[in-house]
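What follows is a short report on a single structure.
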Amino acid sequence: MRLGFYLFTAFAAAGVYVSELLVTTHVQAVFANGGDTGICAALGGGCSDAARSGLSNLFGLPIAVLGEAFYLVLILIAGLRRFAPDKVKGLADVVFFSTLLGVLYSVFLGIASKVTLGKLCSQCMLLYAVNTALFATAWWSHPDSVKTVLRRTFGVFGTGGFWVTAVMMAVATLATQAAYASRAREAHARYQAIQEQLGGPAKHMDVDVGDAPGRGPADAPVVVVEFSDFECPFCSRLAANLKEAAAAQPGLFRYHFKHYPMDDACNPNIGRKFHEDACRAAIASVCAEQQGKFWEMHDHLFENRTKLGADDLFGYAEGLGLDMERFRACVDDPATVARIRKDIDQGRALGVGGTPTFFVNGWQMMGARKAEELLGVFEQARRDALKGKQP
């Protein structure tokens, strides 16, 4: 059926395109931003968290890499069915069952993403739609009824179509994996060059702490000022590492928190939607601060960074025992956003472009550094403060 061929080929080509977008996102999130020690920057769209999760891999490869191979093979199979229909037996059944598996896997990934990440990746959702369209087209264009095809479920493994498809899939996967590995190496090399440059000489800035909430002794020899985002996974990781470092060396440093939500709802420097709940979460923390519960809210927001909807935030405030009338009034007060914008403007002036960015006695650092690394930097900063050197 000519129309079925054109529709199927178009949908499969769309799958290749979206898979390529996801490969780019994966490389950016995992390699270009340093993986677990990276930063949140408005580069990879809302799918960066998904790319860093275990759900993004299958058999040790990113799903997007396997997806590229899968959709390329479907295009080849569609061509065989259209132009050489009698050469290979069983291709129609192979296409039917392959696209059915694609739909079932899409359902699994969608549910798992919502449960574990609290959100759905927009690019992944496009692929879910592509998989559904491919299956619908395969069903519609199949010469036999669904009941007849399902009765041949296990027989498909003995057809020539299955083995031809398996060989093509193996070859296509090797090709897409090689291309991915090359891009990953290049991205990681660029990341390492940037890290060497950042560590090379570090940037020193005069950072006004102002009225930012702080933890640790006021007379600590090291002052850490972080620009952070409650929805950023790296900020959450750094917050936990800072707590671990403070527990290990209680008098070494004082830590101040400043807001830099990575979303255009309150941060004009971002220019688009990115962490869509970050501004709302920042507002909630400022309102908790008004009632002396900033750090309790801070910890709670990072522990629940995938659940930062309006109802969630009001629930957290109530759970902390806040005066809800005052809290609601604060949330609606334009002065609250103005307070956050003050931090954002300061961060912009200091060159903050992603989170977490933090300053150790004025020396700029980035990323979710591990507790032992932080302690080493802070100890060096304490010693070098007397000598006027960078950490």
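To get this note's numbering, take the position in the sequence shown, counting from 1, and add 5. Each residue gets a CB set at the ideal place from its N, CA and C atoms; glycine is no exception. Keep in mind it's a predicted model, so treat the numbers as computed, not measured.
What's the call for Trp368, buried or exposed, on a 16-neighbour Cβ count within 10 Å? The residue you call residue 368 lines up with position 363 of the sequence shown. Buried, because 16 or more other Cβ atoms sit within 10 Å of the Cβ of Trp368.
Can you tell me which residues form a DSSP beta bridge with Asn62? The residue labelled residue 62 in the question sits at position 57 within the sequence shown. Pro67.
Less than 8 Å between the C-beta atoms of Phe2 and Val230, yes or no? Because residue 2 is not part of the residues shown, which for the chain are 6 to 396, the question remains open.
Span separating the alpha-carbon of Gly49 from that of Gly165: To locate residue 49, count along the sequence shown from 1; it is residue 44. To locate residue 165, count along the sequence shown from 1; it is residue 160. For Gly49, the predicted structure reports a pLDDT of 46, less than 50, and the residue's modelled location is therefore unreliable. The matter cannot be settled from this model.
Quick check on DSSP: helix, strand or coil for Glu281? Residue numbering aside, residue 281 sits at position 276 when the sequence shown is read from its first letter. Here Glu281 sits in coil by DSSP.
Could you check whether Trp300 and Pro218 sit closer than 8 Å to each other, using their CB atoms as the reference points? Here residue 218 corresponds to residue number 213 of the sequence shown, with the count starting at 1. Here residue 300 corresponds to residue number 295 of the sequence shown, with the count starting at 1. At the C-beta level, Pro218 and Trp300 come within 8 Å of one another.
Pick helix, strand or coil for His193, following the three-state DSSP scheme. For the purposes of this step, residue 193 is taken as residue 188 along the sequence shown, with counting starting at 1. In this structure, His193 counts as helix in the three-state DSSP scheme.
Kindly indicate which residue of Val21, Leu60, Asp317, Gly59 has the alpha-carbon position closest to the one of Phe2. This structure cannot speak to residue 2, because the chain is shown only from 6 to 396.
Where do the ends of the alpha helix (DSSP H) carrying Ser111 lie? For the purposes of this step, residue 111 is identified with residue 106 of the sequence shown, where counting begins at 1. For Ser111, the enclosing alpha helix (DSSP H) starts and ends at 96 to 122.
DSSP three-state call for Arg220: helix, strand or coil? Counting from one through the sequence shown, the residue named residue 220 turns up at place 215. DSSP places Arg220 in strand when its eight states are reduced to three.
For Glu301, which three-state DSSP category applies? For this step, residue 301 is matched to residue 296 along the sequence shown. Here Glu301 sits in helix by DSSP.
Kindly list the residues whose CB is nearer than 7 Å to the CB of Met329, restricted to its own chain and excluding five residues on each side of it in sequence; keep chain order. Here the question's residue 329 lines up with position 324 in the sequence shown. Excluding sequence neighbours, Met329 sits near Ala322, Glu323.
Between the beta-carbon of Val32 and the beta-carbon of Glu73, is there less than 8 Å? Along the sequence shown, read from residue 1 onward, the residue named residue 32 stands at position 27. Along the sequence shown, read from residue 1 onward, the residue named residue 73 stands at position 68. Cβ atoms of Val32 and Glu73: not closer than 8 Å.
How far does the alpha helix (DSSP H) with His31 in it extend, from its first residue to its last? Here the question's residue 31 lines up with position 26 in the sequence shown. Start and end: 7 to 32.
CB-CB length for Leu78 against Thr170, believed under 8 Å: As a position in the sequence shown, residue 78 is number 73, starting the count at 1. As a position in the sequence shown, residue 170 is number 165, starting the count at 1. This sequence places Val at residue 78; Leu is not what is there. 6 Å between Cβ atoms; contact.
Contact defined as beta carbons within less than 8 Å: I believe Val154 pairs with Asp98. What is the distance between those atoms, to the nearest angstrom? Along the sequence shown, one-based indexing puts residue 154 at 149. Along the sequence shown, one-based indexing puts residue 98 at 93. Right, their Cβ atoms sit about 6 Å apart.
For Arg292, collect the residues of the same chain with a Cβ closer than 6 Å to its Cβ; drop the 5 residues on either side in sequence, then sort them by chain order. For the purposes of this step, residue 292 is taken as residue 287 along the sequence shown, with counting starting at 1. First, the residue type needs correcting, since residue 292 is Cys and not Arg in the sequence shown. Counting only Cβ-Cβ distances below 6 Å, and skipping sequence neighbours, we find Phe332, Cys335, Val336.
With DSSP as the reference, please indicate the residues paired to Gln369 in a beta bridge. On the sequence shown, position 364 is the one that residue 369 refers to. BP columns for Gln369 point to Phe364.
Test item: CB-CB of Arg220 and Arg259 under 8 Å: Against the sequence shown, residue 220 aligns to sequence position 215. Against the sequence shown, residue 259 aligns to sequence position 254. Taking 8 Å as the cut-off, the Cβ atoms of Arg220 and Arg259 count as close.
Residue closest to Asp304, alpha-carbon to alpha-carbon, out of His280, Phe279, Asn246: As a position in the sequence shown, residue 304 is number 299, starting the count at 1. Nearest in C-alpha terms to Asp304, of all of His280, Phe279, Asn246, is Asn246.
Considering only C-alpha positions, which residue in the set Leu318, Ser290, Ser103 is nearest to Phe167? In the sequence shown, the residue the question calls residue 167 occupies position 162. The residue with the shortest Cα to Cα distance from Phe167 is Ser103.
Would you please state the rounded distance, in angstroms, between the beta carbons of Val108 and Thr137? I believe it to be under 8 Å. Locating residue 108 in the sequence shown gives position 103, counting from the first residue. Locating residue 137 in the sequence shown gives position 132, counting from the first residue. Contact between Val108 and Thr137 holds: their C-beta atoms lie close to 6 Å from each other, under 8 Å.
Contact check, Leu122 vs Ser58, beta carbons under 8 Å: Translated into positions along the sequence shown, residue 122 becomes position 117. Translated into positions along the sequence shown, residue 58 becomes position 53. Taking 8 Å as the cut-off, the beta carbon of Leu122 is found closer than this to the beta carbon of Ser58.
Minimum C-alpha distance to Thr181 - residue among Pro339, Leu71, Thr341: Taking the sequence shown and counting its residues from 1, the one referred to as residue 181 is at position 176. Measuring from the Cα of Thr181, the nearest candidate turns out to be Leu71.
Residues that Cys45 bridges to, as DSSP identifies them: In the sequence shown, the residue the question calls residue 45 occupies position 40. Among the bridge pairs identified by DSSP, Cys45 is matched with Thr360.
Give a yes or no on whether the C-beta atoms belonging to Ala373 and Ala253 are separated by under 8 Å. Locating residue 373 in the sequence shown gives position 368, where the first residue counts as 1. Locating residue 253 in the sequence shown gives position 248, where the first residue counts as 1. Result no, Cβ atoms of Ala373 and Ala253 do not sit closer than 8 Å.
For a quick check, are the C-beta atoms of Leu325 and Lys298 less than 8 Å apart? Here residue 325 refers to the residue found at position 320 of the sequence shown. Here residue 298 refers to the residue found at position 293 of the sequence shown. In this structure, the beta-carbon distance from Leu325 to Lys298 falls below 8 Å.
For Ser233, which of helix, strand or coil comes out of DSSP? Mapped onto the sequence shown, residue 233 falls at position 228. Here Ser233 carries a strand assignment [DSSP, helix/strand/coil].
Identify whether Tyr265 lies in helix, strand or coil by the three-state DSSP scheme. Residue mapping note: residue 265 aligns to position 260 of the sequence shown, counting from 1. Of the three classes helix, strand and coil, the one that applies to Tyr265 here is coil, per DSSP.
Give the single residue among Ala17, Asn366, Lys119 whose Cα lies nearest to the Cα of Met210. Here residue 210 refers to the residue found at position 205 when the sequence shown is read from its first residue. By alpha-carbon distance to Met210, the top candidate from Ala17, Asn366, Lys119 is Asn366.
Quick check on Val214: does DSSP put it in helix, strand or coil? Indexing the sequence shown from 1 puts residue 214 at position 209. Three-state DSSP puts Val214 in coil, outside helix and strand.
Whole-Å CB distance - Ser150 paired with Cys52, under 8 Å assumed: Residue mapping note: residue 150 aligns to position 145 of the sequence shown, counting from 1. Residue mapping note: residue 52 aligns to position 47 of the sequence shown, counting from 1. The pair is not a contact, with the Cβ atoms about 38 Å apart (cut-off 8 Å).
Using a Cβ-Cβ cut-off of 6 Å (strictly less than) and excluding sequence neighbours within five positions of Ala244, which residues of its own chain qualify? Taking the sequence shown and counting its residues from 1, the one referred to as residue 244 is at position 239. Excluding residues within five positions, the ones whose Cβ falls inside 6 Å are Phe307.
For Val93, which three-state DSSP category applies? As a first step, residue 93 must be located in the sequence shown, where it is residue number 88. Three-state DSSP puts Val93 in coil, outside helix and strand.
So, Phe16 versus Val135, is the Cβ gap smaller than 8 Å? Here residue 16 refers to the residue found at position 11 when the sequence shown is read from its first residue. Here residue 135 refers to the residue found at position 130 when the sequence shown is read from its first residue. It is a contact, given that the beta carbons lie within the stated cut-off.
Counting beta carbon pairs with one atom in the segment 263 to 273 and one in the segment 385 to 392, are three or more of them shorter than 8 Å? Contact fails: fewer than three Cβ-Cβ distances are below 8 Å.
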